[in-house]
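See below for the structure under consideration.
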Amino acid sequence: MQNEEIKQYLSRTGIRKITELDTALLETFGQEEGRKHIERLTELFGRSEERLLYGTGNSVYLHRQEELVDYLNQSLQMSLLAAAFYDRVFFRRVMEYLCEYDSFWKGDIFDIGCGNGILTCFLALRHADSCVTGADLSRNAISVAEELAGKLSVGNVHFTGPNELAHRKCDTLFSSRTVHENVAWTALREEHRKAALSVEGQEKRHRKYAQELSAFVRYQGYLVSVERYNDDSAYVGLLCALERVGFVPVKGTRVQFSCKNGDESAAFQAMIFQKSRC
2 MQNEEIKQYL SRTGIRKITE LDTALLETFG QEEGRKHIER LTELFGRSEE
52 RLLYGTGNSV YLHRQEELVD YLNQSLQMSL LAAAFYDRVF FRRVMEYLCE
102 YDSFWKGDIF DIGCGNGILT CFLALRHADS CVTGADLSRN AISVAEELAG
152 KLSVGNVHFT GPNELAHRKC DTLFSSRTVH ENVAWTALRE EHRKAALSVE
202 GQEKRHRKYA QELSAFVRYQ GYLVSVERYN DDSAYVGLLC ALERVGFVPV
252 KGTRVQFSCK NGDESAAFQA MIFQKSRC
């Protein structure tokens, strides 16, 4: 029943299997407009890869690709095409996890880094008695998420920028793939030139991010974290940083999964934490 529910939900959103994004863009937007999208996305992805490899200016948030995110979320149609190609399997795996640990979702729910709102709306539909708030840095993503919520007739969800959540706390915080946009990373070329950071160094790198997450969660509330990490020192550093600010892992909730992410395979770590102190 769970898999059928997820399958039906993805179908309602418009997420379908896409093997080639370029072909889908041409079929959806026509030859002329489709080719313009392909050329622009090729340029933006190339710039993104160069930034990750060599760094850029004084920016330490190397994985925060605002221009690319805004382009992919310029419309609901474009956003769903990109999500279908890059994230269809990821969404399904995360939804399976959310359903398996259904009892941790209650009261006020925040989805930090909600993107186009596909997972946010899924949570809102499953937990109709909860008030669900999705927040994202991209105004384009927020606009697309609002349109999706309207399309799905979800009434208990609201989308906003993260600054508007200041001083508010929730019972359950959902944070999916947000670390790499909120942690100071070193350009890959520089990272490879130097020795890899120790667990202590990784914990220090993640400390500010962990504090920001903690500020959103009430005492004895929950953090549901899904991040793209191998089971390595970087992930252990994140766990140590979360523990430092009072998040205790809930026994039996850690799941590691891998899935194709666009053209590549990626590993993800999912775990639930409870806030043990104010």
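If you count the sequence shown from 1, position 196 lands on 197 in the numbering used here, and the numbers rise without skipping.
The beta-carbon is built from N, C-alpha and C at its ideal position, and this holds for glycine as well.
1) Check the C-beta distance from Arg245 over to Arg208 and give it rounded, since I have them as a contact under 8 Å.
2) Could you tell me which residues DSSP pairs with Thr173 in its beta bridges?
3) Could you give the C-beta distance for Thr121 and Gly108, rounded to a whole number, given that I count them as a contact under 8 Å?
4) Considering Cα atoms alone, identify which of Leu45, Cys100, Ala129 and Gly247 is closest to Ala271.
5) Among the residues of its own chain, which have a CB less than 8 Å from the CB of Thr29, if the five just before and after it don't count?
6) Using only the alpha-carbon positions, how far apart do Thr187 and Gly56 sit?
7) Taking Cβ to Cβ, would you say Ser226 is nearer than 9 Å to Gly247?
8) With the cut-off set at 9 Å, would you say Thr179 and Glu147 are in Cβ contact?
9) Any chance the CB of Phe217 is under 8 Å from a heavy atom of the ligand NAP?
10) Which of the three DSSP states, helix, strand or coil, is assigned to Ser104?
11) Using a threshold of 9 Å, state whether the C-beta atoms of Phe258 and Ala268 are closer than that.
12) Any idea what DSSP makes of Ile39, helix, strand or coil?
13) Applying the 10 Å Cβ sphere with the 16-neighbour rule, what's the burial state of His168?
14) Rank Tyr210, Lys261, Val237 and Cys260 by C-alpha distance to the C-alpha of Tyr62 and give the top, closest one.
15) In three-state terms, what does DSSP make of Gly238?
16) I believe Ala125 touches Ile16 by the beta-carbon criterion, under 8 Å. Please report the beta-carbon distance rounded to the nearest angstrom.
17) Please return the same chain residues whose Cβ sits closer than 6 Å to the Cβ of Arg89, not counting the five positions on each side in sequence.
18) Helix, strand or coil for Phe217 per DSSP?
19) Mind checking Tyr98: buried by the 16 CB within 10 Å criterion, or exposed?
20) Near Asp23, what residues of its chain come up, given a Cβ to Cβ distance below 7 Å and the 5 sequence neighbours on each side ignored?
21) With burial defined as no fewer than 16 other Cβ atoms inside 10 Å of the residue's Cβ, what is the status of Arg94: buried or exposed?
22) Along the chain, where does the beta strand (DSSP E) containing Cys279 start, and where does it finish?
23) Measure the alpha-carbon distance for Lys261 versus Asn231 and round it to whole angstroms.
24) Assuming contact is defined by CB atoms lying nearer than 9 Å, are Leu11 and Leu42 in contact in what I supplied?
25) Count the other CB atoms, across all protein chains shown, that sit within 10 Å of the CB of Ser176; report buried if there are 16 or more and exposed otherwise.
This is what the structure holds:
1) About 7 Å separates the two Cβ atoms, so the contact holds.
2) Looking at the DSSP assignment, Thr173 forms a beta bridge with Ile110 and Tyr223.
3) Separation of the CB atoms of Thr121 and Gly108 is rounded to 16 Å, and the pair is thereby denied contact status at 8 Å.
4) The candidate whose alpha carbon is nearest that of Ala271 is Cys100.
5) Once the five neighbours on either side are set aside, the close Cβ partners of Thr29 are Gly35, Gln78 and Leu82.
6) Distance between the alpha carbons of Thr187 and Gly56: 7 Å.
7) Their beta carbons are not under 9 Å apart, which means Ser226 does not touch Gly247 by this criterion.
8) No, these two residues do not count as a Cβ contact at 9 Å.
9) Absence of the ligand NAP from the depicted structure is noted, as is the absence of any ligand whatsoever, leaving it without description.
10) Ser104: helix per DSSP, three-state reduction.
11) Result yes, Cβ atoms of Phe258 and Ala268 sit closer than 9 Å.
12) Three-state DSSP puts Ile39 in a helix.
13) Around the beta carbon of His168, fewer than 16 other beta carbons sit within 10 angstroms, so the residue counts as exposed.
14) Answer by Cα proximity: Tyr210.
15) In the structure shown, the three-state DSSP call for Gly238 is helix.
16) Contact between Ala125 and Ile16 is ruled out by a C-beta separation of about 17 Å, above the 8 Å threshold.
17) Cβ neighbours of Arg89 beyond the five flanking positions: Ile16.
18) Coil at Phe217, not helix or strand.
19) Tyr98 sits buried, since 16 or more C-beta atoms from the chains shown fall within 10 Å of its C-beta.
20) Within the same chain, Cβ atoms closer than 7 Å to the Cβ of Asp23 are found at Ile39, the five residues on either side in sequence being excluded.
21) By the neighbour-count rule (16 or more Cβ atoms within 10 Å), Arg94 is buried.
22) Where Cys279 is concerned, there is no enclosing beta strand (DSSP E), given that its DSSP letter is neither H nor E.
23) Computed Cα separation, rounded: 14 Å.
24) Here Leu11 is not near Leu42, since their CB atoms are 9 Å or more apart.
25) Under this definition Ser176 is a buried residue.
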